[in-house]
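Following my numbering, the numbering of the sequence shown begins with 6 at its first residue and continues without gaps.
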Amino acid sequence: MDQFAGAAASHQDDIVNVDDGVPATQKTRSNLKNILLYQAPLPELALAAIFLILALLMGAVFRLPFVVPNGDALDFVGMNPAVPFIIITLWGLATMMSKRKMRVIYYAVATFAYCIILLAHFNVKLWMNMVNPQLWDDFYWKIDQSLRPVIDGAFQVHHVTGKIIPFENNLYLVAFLSMFVVSIIVHSLRCFTVFRKVIFTAMLVHVLGGLSYLIMPAVGPFIYEAGVNPLETIRQAHMYGGYQALMEGGRPWLAAQGGEYMFAAIAAMPSLHVASSAVFVYYALRHERWLGIAYLPLFFFIVAESMASRWHYAVDALGGILVTSLAIWICSIVFRPIEAQKKQRL
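Shown next, in the form of structure tokens:
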């Protein structure tokens, strides 16, 4: 009997679960592997790390300072710096109250990864004309003139919207933020994997969009004509003033003032307002059709207002859609094994 007891003690690692015949330690290792590979936000962290490294390498090659935003950075968009953090904090508190600890950890890590991506994105955007000084505004403006009925139609959309909604000049930002917040809430409550895909695709849009700014850079059509949104015209003057100061002051100005003008970095092609809102529309139509249908008027307005405000040329909207399409395709590849593993567990 002692022999058998000794043998049993020496093979504790091979204890078998009578329910499924799998050794307990093997099951623990398998569960840990599943958590790390399929539930932990590794794709989000990897994307943030890769983009940050690329941005730092770009800064080193072109001798450009990597800056961080200061307290006045969000003033030009008319948003208090506390707003994004209030949204994240409130949703985090709601999740904590539901006692879903893994979700809280995911939100914290994903938020950190998103912040890293945004930090790198706006630095790359600031560096646009220092990396590639060739501007394509004349080319895009000629395309706009050939599509003048489209631009004039966008102007009319703004005027008609103003007769229906009294805050049409703020709707460009309000519509985008509303889609962002509602998408986070709805998808996280309905299907966590879909929610992760929405977040990852939105992150990827900022990565691909930031790099796309460097290909055929442009300032924006407001340098040729004023838009119909006076609020955005004021912001454009602030943004263009920062751009001119950067072109004059170069790297020393960027190091000293870049933090204040970080979110006022100038870049028209592609339109990431269109690209990011297209992400929310796509996943809503695919997984929550009622929400996607509700988004369509807002998306139509964002596309029209991007041109009516003269932030963007007509081709910028198309560029934004192409960026979104590429981001969705990459996301589908990254999450394919995660979704396959989830189906196996069901």
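Heads up, the beta-carbon is just placed ideally off N, CA and C, and yes, glycines get one too. Note that the coordinates shown come from a computational prediction; the quantities given were computed from them, not determined experimentally.
Quiz prompt | Opening and closing residue of the alpha helix (DSSP H) in which G152 lies | solution = A quick correction: the sequence has Leu, not Gly, at residue 152. Segment: none, L152 is in no alpha helix (DSSP H) and carries neither H nor E.
Practice problem: Rank L152, A313, A45 by C-alpha distance to the C-alpha of G118 and give the top, closest one. | Solution: For the sequence presented, residue 118 should be read as Ala rather than Gly. Of L152, A313, A45, the residue nearest in Cα terms is A45.
Quiz item: Among residues of its own chain, excluding the 5 on either side of M135, which ones have a beta-carbon nearer than 7 Å to its beta-carbon?
Solution: F67, L69
Quiz prompt | Spatial neighbours of L231 in its chain, beta-carbon cut-off 8 Å, leaving aside the 5 residues before and after | solution = Residue 231 is actually Ala in this sequence, not Leu. So the list reads T238, R315, once near-sequence residues are dropped.
Quiz item: Is A332 buried or exposed, if buried means 16 or more other CB atoms sit within 10 Å of its CB?
Solution: buried
Quiz item: Which residue comes first and which comes last in the alpha helix (DSSP H) that contains I55?
Solution: 47 to 66
Quiz prompt | Residue ranges of each alpha helix (DSSP H) within the stretch 288 to 344, 4 or longer | solution = Counting only runs that start and end inside the stretch 288 to 344, the alpha helix (DSSP H) elements of at least 4 residues fall at 294 to 313, 319 to 339.
Quiz item: Could you give the C-beta distance for F200 and H192, rounded to a whole number, given that I count them as a contact under 8 Å?
Solution: 4 Å
Quiz item: Under a Cβ-count criterion, where at least 16 other Cβ atoms within 10 Å of its own Cβ denotes burial, should Q241 be classed as buried or exposed?
Solution: buried
Self-check item: Sequence-distant residues of its chain with Cβ nearer than 8 Å to F172 (five each side left out)
Solution: V179
Quiz item: Any contact of the stretch 303 to 320 with the stretch 157 to 166, i.e. 3+ C-beta pairs under 8 Å?
Solution: yes
Quiz item: Which residues in the same chain have their Cβ closer than 6 Å to the Cβ of A60, if we skip the five residues on either side of it in sequence?
Solution: A125, N128, V129
Exercise. Could you check which residue in M274, Y177, I271 has the C-alpha nearest to that of V233?
Key: Y177
Practice problem: Could you check what DSSP says for P275 in three-state terms: helix, strand or coil? | Solution: For P275, the three-state secondary structure derived from DSSP is coil.
Quiz item: From this set, F306, S330, L182, which residue's C-alpha is nearest I169's C-alpha?
Solution: F306
Practice problem: Measure the alpha-carbon distance for N137 versus W146 and round it to whole angstroms. | Solution: Taking the straight line joining both Cα atoms gives about 19 Å.
Quiz item: Looking at the structure shown, is Q346 part of a helix, part of a strand, or coil, going by DSSP?
Solution: helix
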